[in-house]
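Before any comments, here is the structure.
In the numbering used here, the protein residues as written are 101 to 182.
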């Protein structure tokens, strides 16, 4: 199954490692991780207004969709499998 991150970006659900709120960027550890991923070329900015960060096995996506909405979308994917 797939997860829509916004702006026509869809990723396989199985690749998602973590979804975090952009407000956690205040943490020094998170800031450092995001800076390194950007420097290494792994960061994909989907939109100007970022609400969440989706970390996958290959990239780090800066999504305009909130964590709560992404969580609901991910849960709906699992319900459709049952």
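Positions of the beta carbon are idealized from the N, C-alpha and C atoms, including for glycine.
Indicate the three-state DSSP secondary structure (helix, strand or coil) for residue 129 in the structure shown.
Counting from 1 along the chain shown, the entry for residue 129 is found at position 29. Residue state for residue 129 is assigned as helix, using DSSP reduced to three classes.
Give the C-beta separation of residue 144 and residue 164 to the nearest angstrom, bearing in mind that I take them to be a contact with Cβ-Cβ under 8 Å.
Residue mapping note: residue 144 aligns to position 44 of the chain shown, counting from 1. Residue mapping note: residue 164 aligns to position 64 of the chain shown, counting from 1. By a beta-carbon distance limit of 8 Å, residue 144 does not contact residue 164. Their separation comes to about 12 Å.
With distances taken from CA atoms, which of 171, 153 and 108 is nearest residue 138?
Start at 1 with the first residue of the chain shown, and residue 138 comes out as number 38. When each option's Cα is compared against that of residue 138, the closest is 153.
Any idea which residues DSSP pairs residue 106 with across the strands?
As a first step, residue 106 is located in the chain shown; it is residue number 6 there, counting from the start. For residue 106, which the question treats as bridged, DSSP gives the partners 109.
Suppose you measure from the CA of residue 104 to the CA of residue 112; what does that come to, to the nearest Å?
Locating residue 104 in the chain shown gives position 4, counting from the first residue. Locating residue 112 in the chain shown gives position 12, counting from the first residue. If you take the alpha carbons of residue 104 and residue 112, they lie about 9 Å apart.
Beta carbon of residue 120 nearer than 8 Å to that of residue 170:
The residue labelled residue 120 in the question sits at position 20 within the chain shown. The residue labelled residue 170 in the question sits at position 70 within the chain shown. Contact: no.
In chain order, what residues of the same chain lie with their CB nearer than 7 Å to the CB of residue 116, ignoring the 5 residues before and after it?
The residue given as residue 116 occupies position 16 in the chain shown. Excluding positions up to five away in sequence, the list reads 103, 154 and 156.
Short CB-CB distance (under 8 Å) between residue 115 and chain B
Of the chains in the structure shown, none is chain B; there is only one protein chain.
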